[in-house]
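Enquirer:
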Amino acid sequence: MFSAARHPAMISGRRGGKTVASCVKAFLYAHEHPGALICLTVNTYPAIRDIIVKTWYSLFGAGLGKMWDYKVADATITFPNGSNILLRASEDPDKLRGLTLAAFGMDEAAISNQHEAFQVLQATLSQVGYPHQGWVTTTPKGIRSWIYQRWVKNQLKDGAELDPEEYVLMQAHTRDNTYLTAEYMASLEASYGDTKWAQQELEGEFVAFEGQAFPEFDENVHVKSPPVGMKFKREVAGFDWGNVRPSAIIECQQDQTGRVWVTREWYKRRADLGEILNAMGDFPNRVYCDPTAKEEREFLQRSGVGARKARSNDFALRVSLVGRRLALVAGEPGLYISPDCPNLIEEIGSLTYAKQRGQDILNDKWEPGSDDHAFDALAYALMELDAGARGRPLPTIKLQWGH
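Residue numbers (this note's numbering): 1 to 403.
In structure tokens, the structure reads:
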């Protein structure tokens, strides 16, 4: 919070106080440097309201109208001393170009691919007369991420060295947040167990996930929104019921070449069937569900949702369908995932096979504690879009997406 480095990073487990730290740092900067223009980002526009604005009001709500004001239409926090804080989404880096900033802060910077946004914001640090800073706060996401490259290795991908005094790393654990109750921490620790997920999500550590299911997945390649005006020939949704774990709805659209675009997701832990039914109204009415979830599927059908049984629940088939679509053919994959689907992106990038005591990698289940419901929902939708999916892994074939 008080680091004067040009690019400090706070890396912590979930609920480790990252957003609070970023908001406090921005508030102090705006107060101490009259006339400064600052930008705070999260990955999507809804997250501005749900994360930054909500946290800001909880911290500084008593000062509204006196110490600061919020212009909703402009998504800008204003101060009597002339400082302004812009609240922006990093999912479209081009919209961040042209700014002249004194400082910026990126929250949850490891979600999706925000490296380009960081580089764009770096170039905006040119407001004259101010100590320039650009900070990031996030839960870590593996040792292949750009966050790890810059703040742990102090290198770019091409091997160029970065100044460690400029890229200062501060790490914290979830349990360091003294506002979390003992019951809450006990629940999380029981849920994650002694896994690498716990090391990442609770300890705030950069973890190498051995036995990664989809090593070909690259956010720089696979995370992409469809071009404006693109015509689709088919659209379906996949749904996986999570009970106390996350439930997920995934929307898939297939273009004229056969390529699949994942355009939306709905993802919620401990969601009840009423919440799921309400969410279904925003998705295609052809929804393919876990074939073993008969009770939930029939409830949706009675409620007017076009819920259908997916073709199979076979683990190997699900992995095969997604893996084949991620494969590059003539430099392009058969599957793109919108930046608006951070939970699916995280699952695809992190799912790893479970191991026995002898450390042999298994291929019929995931590492304990892994979230896989968005992945399953995607697989159920792909079963309908990919001809030949009938309950066992598809043969290895030469794929041609529109070529």
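Positions of the beta carbon are idealized from the N, C-alpha and C atoms, including for glycine.
1) What number of angstroms, rounded off, separates the C-alpha of Pro-131 from the C-alpha of Ile-147?
2) Does the beta-carbon of Glu-32 have 16 or more other beta-carbons within 10 angstroms, so that it is buried, or is it exposed?
3) Quick one: using the 10 Å Cβ neighbour count with 16 as the cut-off for buried, is Ala-103 buried or exposed?
4) Tell whether a beta-carbon distance below 9 Å holds between Leu-121 and Cys-39.
5) Given Val-305, which residues of its chain have a CB within under 8 Å of its CB, disregarding the five upstream and five downstream residues?
6) Going along the chain, which unbroken runs of the beta strand (DSSP E) with 3 or more residues stay wholly within the segment 55-112?
7) Checking 9 Å against the spacing of the C-beta atoms, do Ser-12 and Thr-181 come in under that value?
8) What are the partner residues of Glu-407, as DSSP defines its beta bridges?
9) Is it buried or exposed, Tyr-57, if we count other Cβ atoms within 10 angstroms and call 16 or more buried?
10) Measure the CB-CB distance between Glu-201 and Arg-14 and report whether it falls below 9 Å.
11) Classify Gly-402: buried if its beta carbon has 16 or more other beta carbons within 10 angstroms, exposed otherwise.
12) Can you tell me whether Ala-282 is buried or exposed, with buried defined as 16 or more other CB within 10 angstroms of its CB?
13) Taking the DSSP output, what are the residues bridged to Glu-235?
14) With a floor of 4 residues, list each alpha helix (DSSP H) that falls wholly inside the segment 139-175, ordered by position along the chain.
15) With 16 other CB atoms within 10 Å as the buried threshold, where does Glu-161 fall?
16) With 16 other CB atoms within 10 Å as the buried threshold, where does Tyr-184 fall?
17) Rounded to a whole number of angstroms, what is the C-alpha to C-alpha distance between Arg-269 and Asp-372?
18) State buried or exposed for Thr-178, treating a residue as buried only when at least 16 other CB atoms are found within 10 Å of its CB.
19) Report the partner residues of Glu-332 according to the DSSP bridge assignment.
20) Under the three-state reduction of DSSP, which class applies to Ala-354: helix, strand or coil?
21) For Val-305, which three-state DSSP category applies?
22) Using the Cβ count rule (16 or more neighbours within 10 Å means buried), how would you classify Lys-244?
23) Count the other C-beta atoms from every protein chain shown that fall within 10 angstroms of the C-beta of Ala-330, then say buried if there are 16 or more, exposed otherwise.
24) Can you tell me whether DSSP reads Thr-453 as helix, strand or coil?
25) Can you list, in chain order, the residues of its chain whose CB lies under 7 Å from that of Thr-396, leaving out five sequence neighbours each side?
26) So, for Thr-139: in the same chain, excluding its five sequence neighbours on each side, which residues have a beta-carbon less than 6 Å away from its beta-carbon?
27) Check whether the segment 82-94 touches the segment 46-57, counting contact only when three or more Cβ pairs, one atom from each stretch, lie closer than 8 Å.
28) Which partner residues of Ser-12 appear in the DSSP bridge assignment?
29) Which term fits Ser-303, buried or exposed, when burial requires 16 or more other beta carbons within 10 angstroms of its beta carbon?
30) Any idea if Lys-66 is buried or exposed, counting beta-carbon neighbours within 10 angstroms, 16 or more meaning buried?
31) Tell me which same chain residues have a C-beta within less than 8 Å of the C-beta of Lys-365, skipping the five on either side of it?
32) In the structure shown, what three-state DSSP assignment does Asp-386 receive?
33) Once DSSP output is grouped into helix, strand and coil, what is the label at Tyr-288?
Expert: On the basis of the supplied data:
1) Against the sequence shown, residue 131 aligns to sequence position 131. Against the sequence shown, residue 147 aligns to sequence position 147. Distance between the alpha carbons of Pro-131 and Ile-147 is about 23 Å.
2) Here residue 32 refers to the residue found at position 32 when the sequence shown is read from its first residue. Exposed: under 16 other Cβ atoms inside 10 Å.
3) For the purposes of this step, residue 103 is taken as the residue at position 103 of the sequence shown. Ala-103 comes out buried.
4) Translated into positions along the sequence shown, residue 121 becomes position 121. Translated into positions along the sequence shown, residue 39 becomes position 39. Result yes, Cβ atoms of Leu-121 and Cys-39 sit closer than 9 Å.
5) Residue mapping note: residue 305 aligns to position 305 of the sequence shown, counting from 1. Beyond the five residues adjoining it in sequence on each side, Val-305 comes within less than 8 Å, by CB distance, of Leu-277, Met-280, Asn-285 and Val-287 in the same chain, given in chain order.
6) 69-71, 76-78, 84-89 and 103-107
7) The residue given as residue 12 occupies position 12 in the sequence shown. The residue given as residue 181 occupies position 181 in the sequence shown. No. Outside cutoff.
8) Residue 407 lies beyond the residue range present for the chain, which begins at 1 and ends at 403; the question has no answer from this structure.
9) Against the sequence shown, residue 57 aligns to sequence position 57. So Tyr-57 counts as exposed.
10) Within the sequence shown, residue 201 is the residue found at index 201, counting from 1. Within the sequence shown, residue 14 is the residue found at index 14, counting from 1. Taking the C-beta atoms as reference points, Arg-14 is found nearer than 9 Å to Glu-201.
11) Translated into positions along the sequence shown, residue 402 becomes position 402. Residue placement at Gly-402 is poorly supported in this model, since its pLDDT is 49, which falls under 50; the coordinates are not used for a value here.
12) Here residue 282 refers to the residue found at position 282 when the sequence shown is read from its first residue. Strictly speaking, residue 282 in this sequence is Asp, with Ala absent from that position. Asp-282 is exposed by the Cβ-count criterion.
13) One-based indexing of the sequence shown puts residue 235 at position 235. Gln-253, per the DSSP bridge assignment.
14) Those alpha helix (DSSP H) runs which fall completely within the segment 139-175 and span 4+ residues are 146-151.
15) Here residue 161 is taken as the residue at index 161 of the sequence shown, counted from 1. Counting every other CB atom within 10 Å of its CB across the protein chains shown gives Glu-161 a total below 16, marking it as exposed.
16) Counting from one through the sequence shown, the residue named residue 184 turns up at place 184. Counting Cβ neighbours within 10 Å, Tyr-184 comes out exposed, since fewer than 16 surround it.
17) Within the sequence shown, numbered from 1, the residue matching residue 269 stands at position 269. Within the sequence shown, numbered from 1, the residue matching residue 372 stands at position 372. Roughly 12 Å separates the two Cα atoms.
18) By 1-based counting over the sequence shown, the position of residue 178 is 178. Exposed, because fewer than 16 other Cβ atoms sit within 10 Å of the Cβ of Thr-178.
19) Counted from its first residue, the sequence shown places residue 332 at position 332. Glu-332 pairs with Val-329.
20) Translated into positions along the sequence shown, residue 354 becomes position 354. Ala-354 falls in the strand class under three-state DSSP.
21) As a working note, residue 305 is residue 305 in the sequence shown. DSSP places Val-305 in coil when its eight states are reduced to three.
22) Position 244 of the sequence shown, counted from the first residue, corresponds to residue 244. Rather than Lys, the amino acid found at residue 244 in this sequence is Val. It is exposed - the Cβ of Val-244 has fewer than 16 other Cβ atoms within 10 Å.
23) As a working note, residue 330 is residue 330 in the sequence shown. When all chains shown are included, Ala-330 counts as exposed.
24) Residue 453 lies beyond the stretch modelled for the chain, which goes from 1 to 403, so this question has no answer here.
25) Sequence index remark: in the sequence shown, residue 396 carries index 396 (1-based). Confidence is the limiting factor: at Thr-396 the pLDDT is only 40, short of 50, which leaves the residue's position unreliable and the question unanswerable from this model.
26) Taking the sequence shown and counting its residues from 1, the one referred to as residue 139 is at position 139. Within the same chain, Thr-139 has close Cβ partners Arg-14.
27) Counting Cβ pairs under 8 Å, three or more are found: they touch.
28) For the purposes of this step, residue 12 is identified with residue 12 of the sequence shown, where counting begins at 1. DSSP, once it has assigned bridges, lists Ala-172 as partnering Ser-12.
29) In the sequence shown, counting from the first residue as 1, residue 303 sits at position 303. Per the 10 Å Cβ criterion, exposed.
30) Translated into positions along the sequence shown, residue 66 becomes position 66. Looking at its Cβ environment, which holds fewer than 16 other Cβ atoms inside 10 Å, Lys-66 is exposed.
31) For the purposes of this step, residue 365 is taken as the residue at position 365 of the sequence shown. Correct list, in chain order: Phe-315, Tyr-353 and Ala-354.
32) Start at 1 with the first residue of the sequence shown, and residue 386 comes out as number 386. DSSP places Asp-386 in coil when its eight states are reduced to three.
33) Mapped onto the sequence shown, residue 288 falls at position 288. It is a strand residue.
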